[in-house]
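In our numbering, the protein residues as written are 4 to 592.
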């Protein structure tokens with residue numbers, strides 16, 4: 004304002020000086036005053052004063068807006084007052100102006116005099132967030148409406164201009180419309196944009212869906228509420244059912260949001276995440292397990308020692324183990340259930356009980372505990388077998404030992420009942436598996452003793468077999484060591500047998516030979532006479548002896564000197580015998 008006053012004063016003096024055309028001051032004014040007056044009366048000085056005044060006025064008529072700023076104007080002078088209830092001024096009105104100045108140089112006469120100029124930062128919406136808008140001016144919100152309806156995308160750019168927003172009937176107050184990530188040059192006198200942790204985008208991860216409860220309704224939609232049951236049990240009157248509405252209506256939307264990023268105003272929409280992946284819920288720990296250990300000392304005496312172990316609930320478990328009462332015993336039974344909520348059932352489940360945590364604690368856990376206790380405390384259907392072949396089924400009261408021997412039958416019974424009941428709640432049970440039950444050790448003591456006796460008997464049997472095998476091994480080893488002698492004995496036996504067979508054959512041959520000789524001698528006796536035959540036989544024997552022992556010939560020569568024998572051996576003996584035979588034969592007449 005001071006610059007304006009100075010500028011106008013300088014211009015006034017300049018005009019006066021220019022039109023005085025060098026005239027001095029009147030009368031008695033002389034000296035220095037005369038000099039000053041002569042200078043002020045100079046046209047050149049007048050021009051300079053006018054230019055200086057215009058410079059002062061020009062300095063109040065422009066503004067330079069930075070590239071990352073937005074110029075905001077407040078009209079102070081020479082304008083009409085704002086209508087009552089209005090905050091943002093239209094052209095010609097005092098107050099915060101609807102008009103904003105973009106980056107760069109702006110010239111307007113007396114701009115800095117008529118307006119207060121303020122620079123504000125450009126609105127930046129980072130990735131993963133949205134800008135929540137509240138307008139400070141506009142038409143009053145209709146009755147029953149707490150948030151202004153969403154602005155269509157094709158009109159959003161226009162409606163973000165303050166003058167257009169006010170002139171086209173934009174509502175004052177919270178806006179359903181949000182600003183998506185990006186940069187916006189907004190009139191921040193009209194639009195208040197909030198960005199914080201509560202304006203993060205709604206992210207639906209893979210394997211989950213978002214169930215939307217809307218507090219607003221889009222114009223022009225036919226919104227009719229409909230009772231919907233879970234898909235697996237649509238005709239079961241006991242199945243869960245909740246009222247659902249089409250997307251865009253007030254209420255719980257029938258169609259959930261699929262995985263992705265959504266910029267939903269949390270004042271208008273409440274999104275519940277429901278995990279549609281296969282979930283494993285475990286019920287473990289929370290009890291004390293007792294044991295009776297059996298052992299044998301060096302003398303073979305059976306000793307038993309009792310001990311106990313505290314089994315805590317793991318952090319990942321949904322709840323502690325299920326306690327069942329069977330035959331008067333309280334037995335902790337661990338259990339694992341595999342379940343899934345289908346996307347089409349997610350709105351019904353969320354509308355009935357809430358998210359996954361509520362499903363675990365309000366549906367599945369009470370259901371499992373109730374069914375397991377009922378099955379354990381009632382009857383069980385078990386197969387009747389002959390060997391490995393199932394020949395029928397038997398239904399009888401459940402026994403403690405069935406949790407070991409017939410666990411599969413108990414699992415099947417529990418799983419069948421849980422599946423039926425869980426479908427009514429919109430949860431699909433894939434399988435149920437029982438863990439190792441904490442059966443009281445007194446019940447298992449007899450079985451453990453029997454198993455120990457069986458193991459000892461088996462060990463004794465194996466030891467006996469080992470001793471027998473050892474003896475056979477030693478015998479085989481001794482036999483192997485005596486194998487050479489055994490082979491020699493076997494060979495000697497076979498040689499003896501061979502000699503015996505040979506002698507028998509020789510005897511038979513000799514007997515045959517003698518029989519042939521006897522037959523020949525008999526025939527010879529018949530021809531020559533008995534005495535002649537005897538002589539021939541004697542001669543053969545003598546000749547044989549002489550052939551084997553030729554020295555007998557010389558001895559016979561000494562005994563019979565009348566006969567001169569020349570030669571030796573068989574020829575001499577033959578001559579002597581021939582002579583003897585000749586002498587013994589009678590002379591023929």
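The beta-carbon is built from N, C-alpha and C at its ideal position, and this holds for glycine as well.
Buried or exposed by the 16-neighbour rule on C-beta atoms within 10 Å, applied to residue i
i	result
residue 396	exposed
residue 426	buried
residue 348	buried
residue 360	exposed
residue 99	buried
residue 185	exposed
residue 322	buried
residue 467	exposed
residue 232	buried
residue 405	buried
residue 370	buried
residue 168	buried
residue 353	buried
residue 432	buried
Same chain, Cβ closer than 7 Å to residue i, neighbours up to 5 away in sequence not counted
i	result
residue 618	Residue 618 is absent from the structure shown; the chain starts at 4 and stops at 592.
residue 455	297
residue 520	none
residue 110	64 and 65
Chain-order list of residues whose beta-carbon lies under 6 Å from that of residue i (same chain, five-residue window excluded)
i	result
residue 250	256 and 258
residue 144	174 and 176
residue 384	396 and 398
residue 376	327
residue 293	311 and 444
residue 412	383 and 385
Alpha-carbon to alpha-carbon, residue j and residue i
i	j	result
residue 2	residue 363	A question about residue 2 goes unanswered here, because the residues of the chain that appear run from 4 up to 592.
residue 150	residue 176	7 Å
residue 595	residue 548	With the chain covering 4 to 592 only, the question about residue 595 has no answer from this structure.
residue 451	residue 317	30 Å
residue 115	residue 266	40 Å
residue 453	residue 306	14 Å
residue 238	residue 244	11 Å
residue 600	residue 330	Because the chain in this structure spans residues 4 to 592, residue 600 falls outside the shown range and cannot be described.
residue 304	residue 463	16 Å
residue 202	residue 273	13 Å
residue 154	residue 148	15 Å
residue 156	residue 217	20 Å
residue 496	residue 505	14 Å
residue 507	residue 501	10 Å
residue 457	residue 465	12 Å
residue 204	residue 343	26 Å
residue 470	residue 485	23 Å
CB of residue i within 8 Å of CB of residue j, strictly
i	j	result
residue 89	residue 191	no
residue 234	residue 355	no
residue 210	residue 275	no
residue 341	residue 283	yes
residue 106	residue 66	no
residue 214	residue 277	yes
residue 128	residue 178	no
residue 403	residue 372	no
residue 263	residue 207	yes
residue 166	residue 260	no
residue 380	residue 401	yes
residue 332	residue 443	yes
residue 102	residue 83	no
residue 212	residue 268	no
residue 91	residue 159	no
residue 81	residue 104	no
residue 152	residue 222	yes
residue 448	residue 295	yes
Own chain residues within Cβ distance below 8 Å of residue i, not counting five before or after
i	result
residue 374	417, 420, 421 and 424
residue 388	394
residue 414	435, 436 and 437
residue 224	249, 251 and 252
residue 119	76, 77 and 79
residue 125	71, 72, 73, 186, 187 and 188
residue 229	246, 247, 248 and 257
residue 351	231, 232, 233, 243, 244, 245, 247 and 429
residue 31	Only weak support is given to the placement of residue 31: the predicted model assigns it a pLDDT of 41, under 50, and the value that follows is read from those uncertain coordinates. Taken in chain order, the list of residues that qualify is empty.
residue 226	220, 248, 249, 251, 252, 253 and 254
Residue i: CB within 7 Å of a non-hydrogen atom of the ligand PLP
i	result
residue 508	Looking for the ligand PLP in the displayed structure turns up nothing, as the structure carries no ligands at all.
Stretch pair the segment 321-338 + the segment 279-293: three plus CB contacts closer than 8 Å: yes
Count the C-beta pairs between the segment 301-317 and the segment 363-372 that are closer than 8 Å, then say yes if the count reaches three, no if not. no
Using a Cβ distance threshold of 8 Å, determine whether the segment 74-84 contacts the segment 127-136, with at least three qualifying pairs required. no
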